[in-house]
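All residue numbers for the sequence shown refer to my numbering, where the first residue is 1 and numbers rise by one. Everything on this sheet refers to the single structure shown next.
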Amino acid sequence: MTDTKPHNRDKNYLVKSDSPFLKALGVSNDAGEIKPNKYAKYRQICRFVEIFIERIERTQAVKQKRVKVLDIGSGKGYLTFAMYDQLAKAGLNPKIDGVDTRTEMVDLCNEAAQTSGFENLAFHNMKAEDFVQGYYDAIIALHACDTATDDALFYGIRSKSKLIVCAPCCQHEVLVDLQKSETANRKFISHGLFLQKQADLITDNSRVMLLRSQGYQVDVIDFVSTEHTQKNTLITAIKKNKPSPKYLEQYEAYKKAYGFGGIKLEALMREAGLIRPE
């Protein structure tokens, strides 16, 4: 039987269900209860924010007068609002920008930001690569589709952001190469579903290597149960060290072993001169 009752099981969640911005965004009802069809997303956001807060506290950003965050592919703004709310409550004086290409979403979120009194929260209708607003302490992206995750990672790498937190989604780029690959690793996989899963893993593992090559300490975790979403992988990266070419060497060997030409993040890094020409 489908549960049609609103959910109010937020006692242990960082983001409270009766937060005014959740009502403004249509996530909760007038009683401050999470709507049944929004509960899975609510759970994802709570966990994402919880992990972000824990990671940002490991950086020097918490000693600043203001913490600047950029949300790439902000969509309906659920995560962006929750992040602003929690950083403000933590006394970190946030300035957060959301970037999305859908005009109706951007307009909705800007109106909700005004309604919620979030003065330093703004949304912009444009592509990530066209958004030039300088340095951000942290870059976030929740289920930025396909190569949009690479755009988010690159923005953080290029500006040497202290923290990058991304939940990838729909990794299709490598799949095309794997379908044509004749390597030993490929010939034993005949089922399309397995090939897609392998493409997902290869894509995210490539991103990890490229992040590490730029001095980031990277963790990869399942941040929520598959009950809430199948796309539950979260990549967190904290800027710790100087660039390390050994990870680029690993990445090149990895491409040869699995027979794929590369990912968008690599192309962006090469274009920016972060990877030397071969």
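The C-beta atom is built at its ideal place from N, Cα and C for all residues, glycine as well.
- prompt: Assuming isoleucine 96 and leucine 121 make a contact with CB atoms under 8 Å, what is their CB distance in whole Å?
  reply: 5 Å
Original post:
Are tyrosine 254 and asparagine 205 closer than 9 Å when you measure CB to CB?
Top reply: yes
message = With H, G and I counted as helix, E and B as strand and the rest as coil, what does DSSP make of proline 20?
response = helix
Just checking my contact of leucine 178 with glycine 259 at CB under 8 Å: how many whole Å lie between their CB atoms? 7 Å
Helix or strand or just coil, what does DSSP make of cysteine 145?
Note: cysteine 145 maps to strand in three-state DSSP.
How close, in whole Å, do the beta carbons of glycine 77 and phenylalanine 131 come, if the pair is a contact with beta carbons under 8 Å?
With a Cβ gap of about 16 Å, glycine 77 and phenylalanine 131 do not count as contacting.
In angstroms, rounded to a whole number, what distance separates the CA positions of arginine 212 and glycine 73?
Within the model, the alpha-carbon separation for arginine 212 versus glycine 73 is close to 23 Å.
| field | Collapsed DSSP secondary structure at asparagine 185 in the structure displayed | value | helix
By the three-class DSSP mapping on this structure, what secondary structure does isoleucine 45 have? helix
Among Ile34, Asp30, Gly215 and Phe223, nearest to proline 168 - alpha-carbon criterion: The alpha carbon of proline 168 has as its nearest neighbour, out of Ile34, Asp30, Gly215 and Phe223, the alpha carbon of Phe223.
* With respect to the alpha helix (DSSP H) encompassing isoleucine 202, which residues constitute its N-terminal and C-terminal limits? -> 192–213
Are glycine 32 and aspartate 71 close, meaning C-beta to C-beta below 9 Å? no
Check your understanding: Going by beta carbon distance, what residues of the same chain come within less than 7 Å of valine 174, once the five residues before and after it are set aside?
Key -> Ala199, Ile202, Thr203, Phe260 and Ile263
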